[in-house]
Amino acid sequence: MSAVALHASELTAVGPGSQSTPNDNRLSSLIAAHRGRPVLINFWASWCEPCREEMPSLQRLADRYGSHRLLLITVAVADNRRQVEQFLADNALRLPVIDDRDQTISRAWQVRILPGTVLLDRRHRIRLRGQGAIDWDSETVTRRLQPFFN
């Protein structure tokens, strides 16, 4: 990761007053279909260099905890679908992507910096937020996420 990468200490807990999830039809319906599973939502763009650097470690996180333990969704913000698909193909990434060209989803979720990450617990309450690229392979991040998988 580059010098702009954040560490787990900056994957911060969200206070009890702001735990409810926004009601956006596209993302909300996908989340609702996976009751009982924690959900990690990553907001990114193919034109965002820190996002591009973060994506391989995000794929490895999905590979480690995917299938039954974690639902990982990415949201392409203000991006071109062809460029998104090309970036994913060029980097052998298999992450699900929701288009947010008009930024309605990212605005509803109050994401102001890319990449931005939101972690929902099993009851789909917002528990953690991250701003900037995160090294999803780090032991510190793994320890921070572990309680949500138990």
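The numbering used here applies: residue 5 is where the sequence shown begins, and numbers increase by one. Ideal placement from N, C-alpha and C gives every residue a C-beta, glycine not left out.
Alpha carbons only, please: which of Asn29, Ser61, Val43 and Cys52 is nearest the one belonging to Arg133?
Val43
* Below 8 angstroms on the Cβ atoms is my guess for Val88 versus Ser110; work out the distance and round it to an integer in Å. => Not a contact, Cβ separation roughly 14 angstroms.
Closest to Trp51 by CA distance: which of Arg64, Asp83, Gly136 and Arg105 is it? Asp83
message: Spatial neighbours of Ser61 within its chain, please: C-beta separation below 7 angstroms, excluding the five flanking residues on both sides.
response: Asp139, Trp140 and Asp141
task: Could you tell me the boundaries of the alpha helix (DSSP H) in which Ala82 lies?
output: Per DSSP, Ala82 belongs to no alpha helix (DSSP H) and is neither H nor E.
Using a 10 Å radius around the Cβ and a threshold of 16 neighbouring Cβ atoms, would you call Gly40 buried or exposed? exposed
* Asked: CB Leu123 to CB Phe91, shorter than 8 angstroms?
  -> no
Review point. Since Leu34 and Ile77 are thought to touch, with beta carbons under 8 angstroms apart, how far apart are those beta carbons, to the nearest angstrom?
Key: 6 angstroms
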